[in-house]
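Engineer:
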Amino acid sequence: MAEAKKHTVGVAICAPLEGIFTYSVPDGFLPDIAIGKRVLVPVRNREVTGYIVETFRGNTPTDYELKDIKDILDRAPLFGPNLIPFFRWISEYYMHPLGMVIQSALPGGLNAHQFKSGVITEKGIEAIDSYDITPDQRNLLVWVRENPGKRLPSPLYRFYQLENRGLITIELHQQKERTGPLKWTYVRCRDDKNIRDILNARGISLKADNEVAFLECITAEDGLPLRILCEKFSNGGYLVDKWVKRGVLEKYQKEVARINHSVEEIIRSPQPLLSEQQGNCLSAMKRVMDKGKFSTFLLYGVTGSGKTEVYYNAISHAISLNRQAILLVPEIALTIFTEGLFRSRLGNRVAIFHSGLSDGERYEQWIMMAKGKIDLVIGARSALFAPLNRLGLIIVDEEYDSSYKQEESPRYQARDAAVARGKMENAVVVLGAGTPSVQSYHNTEKGQYHLLQMPERVEQRPLPDIRIVDMKTVLETGHADKKTLLSKVLKNALKENYERGKQAILFLNRRGFSKIYLCPACGESVKCPNCDLTLTYHLHARELVCHYCEYRIAPDNRCPLCRHEGMIPYGFGTEKLEHELADGIPYARIARFDRDTTRKKGQIDKILKSFSNNELDILVGTQMVTKGYDFPNVTLVGVVSADLSLGFPDFRAGERTFQIISQVAGRAGRGVDRGQVIIQTFNPGHYAIEAAKNHDYATFYTREKQMREMLKYPPFGYLACIRFSGNVNNDTKAGAEKIAHEMKHILANWPREGKTIQVLGPAEAPLSKLRGKYRWQILLKSKNSNVLHYFLERVRDASTPMLKGSGVSMMIDIDPYQML
Numbered sequence: 003m004a005e006a007k008k009h010t011v012g013v014a015i016c017a018p019l020e021g022i023f024t025y026s027v028p029d030g031f032l033p034d035i036a037i038g039k040r041v042l043v044p045v046r047n048r049e050v051t052g053y054i055v056e057t058f059r060g061n062t063p064t065d066y067e068l069k070d071i072k073d074i075l076d077r078a079p080l081f082g083p084n085l086i087p088f089f090r091w092i093s094e095y096y097m098h099p100l101g102m103v104i105q106s107a108l109p110g111g112l113n114a115h116q117f118k119s120g121v122i123t124e125k126g127i128e129a130i131d132s133y134d135i136t137p138d139q140r141n142l143l144v145w146v147r148e149n150p151g152k153r154l155p156s157p158l159y160r161f162y163q164l165e166n167r168g169l170i171t172i173e174l175h176q177q178k179e180r181t182g183p184l185k186w187t188y189v190r191c192r193d194d195k196n197i198r199d200i201l202n203a204r205g206i207s208l209k210a211d212n213e214v215a216f217l218e219c220i221t222a223e224d225g226l227p228l229r230i231l232c233e234k235f236s237n238g239g240y241l242v243d244k245w246v247k248r249g250v251l252e253k254y255q256k257e258v259a260r261i262n263h264s265v266e267e268i269i270r271s272p273q274p275l276l277s278e279q280q281g282n283c284l285s286a287m288k289r290v291m292d293k294g295k296f297s298t299f300l301l302y303g304v305t306g307s308g309k310t311e312v313y314y315n316a317i318s319h320a321i322s323l324n325r326q327a328i329l330l331v332p333e334i335a336l337t338i339f340t341e342g343l344f345r346s347r348l349g350n351r352v353a354i355f356h357s358g359l360s361d362g363e364r365y366e367q368w369i370m371m372a373k374g375k376i377d378l379v380i381g382a383r384s385a386l387f388a389p390l391n392r393l394g395l396i397i398v399d400e401e402y403d404s405s406y407k408q409e410e411s412p413r414y415q416a417r418d419a420a421v422a423r424g425k426m427e428n429a430v431v432v433l434g435a436g437t438p439s440v441q442s443y444h445n446t447e448k449g450q451y452h453l454l455q456m457p458e459r460v461e462q463r464p465l466p467d468i469r470i471v472d473m474k475t476v477l478e479t480g481h482a483d484k485k486t487l488l489s490k491v492l493k494n495a496l497k498e499n500y501e502r503g504k505q506a507i508l509f510l511n512r513r514g515f516s517k518i519y520l521c522p523a524c525g526e527s528v529k530c531p532n533c534d535l536t537l538t539y540h541l542h543a544r545e546l547v548c549h550y551c552e553y554r555i556a557p558d559n560r561c562p563l564c565r566h567e568g569m570i571p572y573g574f575g576t577e578k579l580e581h582e583l584a585d586g587i588p589y590a591r592i593a594r595f596d597r598d599t600t601r602k603k604g605q606i607d608k609i610l611k612s613f614s615n616n617e618l619d620i621l622v623g624t625q626m627v628t629k630g631y632d633f634p635n636v637t638l639v640g641v642v643s644a645d646l647s648l649g650f651p652d653f654r655a656g657e658r659t660f661q662i663i664s665q666v667a668g669r670a671g672r673g674v675d676r677g678q679v680i681i682q683t684f685n686p687g688h689y690a691i692e693a694a695k696n697h698d699y700a701t702f703y704t705r706e707k708q709m710r711e712m713l714k715y716p717p718f719g720y721l722a723c724i725r726f727s728g729n730v731n732n733d734t735k736a737g738a739e740k741i742a743h744e745m746k747h748i749l750a751n752w753p754r755e756g757k758t759i760q761v762l763g764p765a766e767a768p769l770s771k772l773r774g775k776y777r778w779q780i781l782l783k784s785k786n787s788n789v790l791h792y793f794l795e796r797v798r799d800a801s802t803p804m805l806k807g808s809g810v811s812m813m814i815d816i817d818p819y820q821m822l
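Heads up: the sequence shown runs through residues 3 to 822, numbered per my numbering.
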């Protein structure tokens with residue numbers, strides 16, 4: 003047995019490796035060792051980033067020689083020991099390596115990592131002038147030749163193909179983190195000098211006309227940024243250098259904030275008195291917070307009932323107890339909408355955290371949290387990982403929203419994970435909703451959550467009137483034609499609403515101008531070569547776009563199949579709806595609110611402020627407009643096609659439809675005037691649409707619950723989806739079939755509890771080709787979560803050697819939300 007070294011640490015590695023790895027600590031690093039710091043460690047023949055998650059002191063017996071850590075990358079920990087159990091829970095429940103869970107939680111750009119570059123071979127140089135390669139391959143070879151040592155652009159498989167042919171060699175390079183504190187060069191007076199004394203001194207040489215004004219600027223203790231001085235004085239650079247040489251001024255580096263916290267609130271309003279129903283709900287939360295115990299509340303309040311005020315008061319109470327809070331919202335846009343209100347009341351001890359921030363901004367916010375300078379974190383699902391060490395309250399607003407489920411690894415559900423973290427840290431968890439998820443409401447029936455209800459709107463304002471327009475009847479009777487998106491009922495309502503000086507929101511959950519670009523001669527449509535899906539036509543950009551992989555091409559008038567000239571855009575989207583409205587109500591101020599119009603930083607804020615300030619009359623949008631915005635002047639909401647969400651191959655399609663309609667309807671009538679909602683549909687009798695029309699959650703829940711209980715879908719069973727992807731469809735199918743066969747073999751030898759697991763598939767995924775990969779999947783159902791997890795661990799272990807070298811990858815999705 004090798005002699006153990008005295009000081010060791012447990013490290014979670016940023017690589018697809020399960021478990022915690024033990025490394026020895028050289029004596030020189032001992033004073034700086036702490037949980038939550040990044041370290042550089044050797045793994046096989048390379049060095050990777052890892053995170054210290056365990057520290058061991060004294061003799062640690064081992065039967066092998068431990069490797070040393072190579073470097074400590076942080077001066078202060080990025081997170082505390084209190085987060086380790088939560089990271090481990092995410093790793094174990096969602097079956098993702100611990101180091102990669104931590105990596106996904108931290109701000110991007112922090113990890114020292116490797117990248118790949120290419121070196122062209124002699125054979126590759128000769129191939130450039132030959133006819134044995136395609137034009138695309140020739141372009142890649144030229145790029146490699148002209149960019150030695152540079153990172154290879156994605157997708158990398160193109161370069162692997164060249165390497166397999168001996169045309170290039172691929173090399174690994176180590177790259178340090180690209181994110182850290184933002185530092186500006188400042189200019190200040192030296193400690194042993196005084197600007198006033200210098201200005202008052204006799205015989206001083208001030209040649210420049212503006213030299214006195216320049217020196218008078220630099221009287222503050224911290225001085226001024228060099229860039230500000232150079233902007234203010236055209237000769238600022240010269241003057242700084244002059245007085246630095248004279249020993250009066252000095253330059254130094256100072257950390258500055260990337261995010262300006264003097265945020266102009268979208269809506270400024272005094273803190274209102276709570277209604278009786280709001281007060282009762284708040285009191286129930288405060289009683290548990292005062293005891294410092296964990297509990298989960300489902301706050302079921304209709305749209306406009308004042309849930310945000312309950313949130314604020316609960317957060318204020320947590321802060322008064324010297325605890326911290328996290329407020330999760332489903333859309334990045336809502337963080338902007340919410341931040342101003344909370345910052346105006348709580349001051350600057352509020353942080354925002356979401357993927358819309360730059361790596362540097364996220365880093366800055368994270369460090370402030372880790373240093374204990376933040377009382378409240380507002381953000382999308384990733385804010386759940388905030389490094390707060392006195393956490394007392396977690397609020398998940400609109401807990402039913404699908405955006406809380408992450409579709410990339412680790413595929414966690416932030417709502418469920420919030421409950422897990424709250425339990426670990428004795429924090430109160432509040433799940434807020436106007437239309438609770440079936441799963442959360444069922445948990446109140448089982449006694450796992452406490453139900454709090456707010457059935458009335460603030461000031462007893464009425465819920466909006468909802469009218470259903472049967473589009474089948476409309477088309478049959480000639481009250482609309484197939485070329486228009488709007489029925490006469492909705493058109494007239496929009497015009498009347500505009501003439502009264504009121505605002506309207508139109509919801510259509512489809513981006514672009516036309517869904518497909520179609521050949522009228524043969525019916526062929528233009529498809530994405532990477533995803534085998536039709537491209538969407540965007541009129542403003544004059545291009546066809548794939549909304550899954552962002553492939554873009556200019557539209558060609560000639561059919562790719564029959565060569566007929568005369569391709570036409572067919573179908574509809576938000577862009578087409580915007581054009582139709584502009585033609586029908588020419589003087590109305592119209593804006594579109596979707597992923598296309600909010601790509602640029604600041605556009606979300608700009609559009610919301612314009613609409614809030616009544617600078618717009620009609621807001622057209624996708625699901626982004628259904629969220630919890632409060633626009634008092636909106637009195638009309640139109641749902642252009644309520645059937646789009648019903649067409650998804652998903653057992654939650656009815657629930658999603660009910661929630662979307664109810665939420666977008668809730669944007670109407672939040673001010674003095676009563677709201678009106680018009681829903682266009684080809685399925686007026688569908689139970690989800692009828693229930694939304696009648697504001698009848700109870701009937702919807704009963705119907706949905708019966709269906710799921712019969713089919714053993716959540717919350718009456720547990721699901722896992724195993725997805726396979728590969729470059730060759732037949733290979734991908736074969737890999738899926740091989741694993742399915744192994745599953746059935748494992749189950750055949752299991753005890754009785756294993757017999758409850760159902761294996762459905764393999765089957766081709768609804769999106770059978772995505773981003774260049776063919777996709778197959780297997781669905782698993784079980785009554786017992788623990789049994790399902792144990793089974794999946796067996797499958798994962800067996801799959802690694804079975805799929806090795808096949809070119810097929812396997813991914814496990816626990817509690818899948820979308821099975822596309």
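Think of the CB as a built atom: it goes at the ideal place given N, C-alpha and C, for glycine as much as any other residue.
(1) Asp817 to Ile741, Cα distance in whole Å?
(2) Restricting to runs no shorter than 4 residues, where is the alpha helix (DSSP H) found entirely within the region 67 to 144?
(3) On the three-state DSSP scale, how would you describe Met834?
(4) Does the beta-carbon of Asn499 have 16 or more other beta-carbons within 10 angstroms, so that it is buried, or is it exposed?
(5) Which residues mark the beginning and the end of the beta strand (DSSP E) in which Leu721 is found?
(6) Please tell me whether Gly308 and Met456 are closer than 8 Å, where the distance is taken between their beta carbons.
(7) Taking the alpha-carbon of Arg796 as reference, which of Ser811, Asn751, Pro764 has the nearest alpha-carbon?
(8) Would you kindly check if the distance between the Cβ of Ile200 and the Cβ of Leu226 is under 8 Å?
(9) Is Leu300 closer than 8 Å to Leu433 when the C-beta atoms are compared?
(10) Since I believe Leu108 is in contact with Leu68 (beta carbons under 8 Å), could you give me their beta-carbon distance rounded to a whole number of angstroms?
(11) So, is Thr337 buried or exposed, given that buried needs 16 or more other C-beta atoms within 10 angstroms?
(12) For Thr57, I'd like the list of residues in its chain whose CB is within less than 7 Å of its CB, leaving aside the five on either flank, ordered along the chain.
(13) Just confirm the distance between the C-beta atoms of Cys16 and Gly82, as a whole number of angstroms; I'd bet it's less than 8 Å.
(14) Ignoring anything shorter than 4 residues, give me the alpha helix (DSSP H) runs that lie fully in the region 486 to 549, in order along the chain.
(15) Just how far apart, CA to CA, sit Lys39 and Phe355?
(16) Could you tell me the boundaries of the alpha helix (DSSP H) in which Pro803 lies?
(17) Closest by CA to Phe31, which one among Ile22, Lys72, Val13?
(18) Entirely within the region 665 to 719 and at least 3 residues each: give me those beta strand (DSSP E) ranges in chain order.
(19) Are the CB atoms of Glu577 and Thr486 within a distance shorter than 8 Å?
(20) Which residue marks the beginning of the alpha helix (DSSP H) containing Phe633, and which one marks its end?
(21) What span of residues does the beta strand (DSSP E) with Cys564 cover, start to end?
(22) Measuring straight from C-alpha to C-alpha, what distance separates Asp733 and Leu772?
(23) Kindly list the residues whose CB is nearer than 6 Å to the CB of Ala382, restricted to its own chain and excluding five residues on each side of it in sequence; keep chain order.
(24) By the 10 Å Cβ neighbour count, where 16 or more other Cβ atoms means buried, how is Thr659 classified, buried or exposed?
(25) Give the DSSP-derived three-state secondary structure of Ser784 in the structure shown.
(26) Does the region 445 to 454 come into contact with the region 313 to 331, if we say contact requires no fewer than three beta-carbon pairs (one atom in each stretch) closer than 8 Å?
(27) Tell me the residue span of the beta strand (DSSP E) that contains Phe344.
(28) Should Ala435 and Ile396 be called a contact, given that it needs their Cβ atoms to be closer than 8 Å?
(29) Counting C-beta neighbours from all protein chains within 10 Å, is the total for His542 16 or more, i.e. buried, or is it exposed?
(30) Report all residues from its chain with a CB closer than 7 Å to the CB of Lys746; omit the five preceding and five following residues, and keep chain order.
(31) Entirely within the region 277 to 340 and at least 4 residues each: give me those alpha helix (DSSP H) ranges in chain order.
(32) I want to know whether the region 454 to 473 touches the region 676 to 689 - three or more CB-CB distances under 8 Å.
(33) Mind checking whether Arg423 and Gln326 have CB atoms under 8 Å apart?
(34) Closest to Val460 by C-alpha separation, out of Gly525, Gly303, Pro686, would be which residue?
Structural biologist: Result, derived from the coordinates:
(1) Whole-angstrom Cα-Cα distance: 20 Å.
(2) With a minimum length of 4 residues, the continuous alpha helix (DSSP H) runs that stay inside the region 67 to 144 are 86 to 95, 100 to 107, 124 to 130.
(3) Here the chain has residues from 3 to 822 only, and residue 834 is not among them.
(4) Counting the other CB atoms within 10 Å of its CB gives Asn499 a total of 16 or more, which places it among the buried residues.
(5) Counting along the chain, the unbroken beta strand (DSSP E) around Leu721 starts and ends at 720 to 728.
(6) The answer is yes: Cβ separation under 8 Å.
(7) Selection Ser811, Asn751, Pro764 evaluated against Arg796 yields Asn751 as nearest (Cα-Cα).
(8) No; because the gap between Cβ atoms is not below 8 Å, this pair is not in contact.
(9) One thing to note: Leu433 has its Cβ within 8 Å of the Cβ of Leu300.
(10) That belief does not hold up - the Cβ atoms of Leu68 and Leu108 are roughly 26 Å apart, past 8 Å.
(11) Buried, because 16 or more other Cβ atoms sit within 10 Å of the Cβ of Thr337.
(12) Answer for Thr57: Val11, Ile35, Ile37, listed in chain order.
(13) Contact flag wrong, Cβ pair sits at about 19 Å.
(14) Annotation: the region 486 to 549 contains the following complete segments of the alpha helix (DSSP H) (minimum length 4 residues), in chain order: 490 to 501.
(15) Roughly 21 Å between the two C-alpha positions.
(16) In the DSSP annotation of this structure, the continuous segment of the alpha helix (DSSP H) that includes Pro803 starts and ends at 787 to 805.
(17) With distances taken between Cα atoms, Phe31 lies closest to Lys72.
(18) Fully enclosed beta strand (DSSP E) runs of 3 or longer: 678 to 683.
(19) Taking 8 Å as the cut-off, the beta carbon of Thr486 is found no closer than this to the beta carbon of Glu577.
(20) Per DSSP, Phe633 belongs to no alpha helix (DSSP H) and is neither H nor E.
(21) Counting along the chain, Cys564 sits inside no beta strand (DSSP E), nor does DSSP assign it H or E at all.
(22) Between Asp733 and Leu772, the C-alpha separation is close to 16 Å.
(23) Excluding positions up to five away in sequence, the list reads Ile334, His356.
(24) Thr659 should be labelled buried.
(25) Ser784: strand per DSSP, three-state reduction.
(26) Fewer than three pairs of CB atoms, one per stretch, sit closer than 8 Å, so the region 445 to 454 makes no contact with the region 313 to 331.
(27) Element bounds for Phe344: not the beta strand (DSSP E) but the alpha helix (DSSP H), 334 to 348.
(28) No, these two residues do not count as a Cβ contact at 8 Å.
(29) His542 is classed as exposed because its beta carbon has fewer than 16 other beta carbons within 10 Å across all chains shown.
(30) Val761, listed in sequence order.
(31) Entirely contained in the region 277 to 340, the alpha helix (DSSP H) runs reaching 4 residues are, in chain order, 278 to 293, 309 to 322.
(32) Because the criterion of three Cβ pairs below 8 Å is met, the region 454 to 473 and the region 676 to 689 touch.
(33) Their beta carbons are not under 8 Å apart, which means Arg423 does not touch Gln326 by this criterion.
(34) Relative to Val460, the option among Gly525, Gly303, Pro686 whose CA is nearest is Gly303.
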